[in-house]
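Just below is one structure, and these are the notes that go with it.
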Amino acid sequence: MRPLTETETRAVFGKLERYIGENIQLLVDRPDGTYCFRLHRDRVYYLSERLLKVAASVPRESLVAPGTCFGKFTKTQKFRLSVTALDFLAPYAKHKVWVKPGSEQSFLYGNHVLKSGLGRITESTAQYQGVVVFSMADVPLGFGVAAKSTQECRKVDPMAIVVFHQADVGEYVRNEDTLT
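Have a look at this one:
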């Protein structure tokens, strides 16, 4: 387990900035202590500095997951955000999308959000902006990328894709053997 390099930090914070904007600072400097990001086996973990000191005494081979996995680096060194980061992204999300109850299951199976399943969308959401997807009861379901801006969503046909699927809580069931 080691700190992130400059390029890795830029990649992680760049991806987080798409979803929570300048609220990244609120992730690091929390009222309950200081938190940090660490790399272990190509995965980026989010953990408190208190837990970091305890994890330092565990041998690297025995350490499975020192904190919450925020994502992993692919073989081409691109950062891919994991669904396990959803609980930390949802409260600070700048752009949100709410889906109708009939479309929740479709999204949880890994499908994109269509205009017919769109309940609400925050104003001033730009095209290709990172969005967090919620149910109408404000339960975070996952996150994705807006395929259309807010203004385009109003006049597009009902079968058009408005949010590209990236990750959802259904991955806990579909990929339970690979999530750490």
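If you count the sequence shown from 1, you need to add 76 to reach the numbering used here. Yeah, the Cβ is synthetic: ideal placement off N, Cα and C, and Gly gets one too. Source: prediction; values computed, not measured.
Just how far apart, CA to CA, sit residue i and residue j?
i: residue 225; j: residue 173; result: 12 angstroms
i: residue 240; j: residue 165; result: 17 angstroms
i: residue 235; j: residue 187; result: 13 angstroms
i: residue 32; j: residue 83; result: In the structure displayed, the chain extends from 77 to 256; residue 32 sits before or after that span and is not available.
i: residue 104; j: residue 246; result: 27 angstroms
i: residue 206; j: residue 238; result: 12 angstroms
i: residue 148; j: residue 252; result: 16 angstroms
i: residue 198; j: residue 93; result: 17 angstroms
Tell me, which residues are paired with residue i by DSSP?
i: residue 240; result: 221
i: residue 105; result: 110
i: residue 216; result: 210
i: residue 196; result: 174
i: residue 230; result: Partner(s): none; residue 230 has no beta bridge.
What residue range does the alpha helix (DSSP H) around residue i cover?
i: residue 91; result: 82-96
i: residue 178; result: 177-184
i: residue 249; result: 247-250
Going along the chain, which unbroken runs of the alpha helix (DSSP H) with 4 or more residues stay wholly within the region 112-169? 125-131, 162-165
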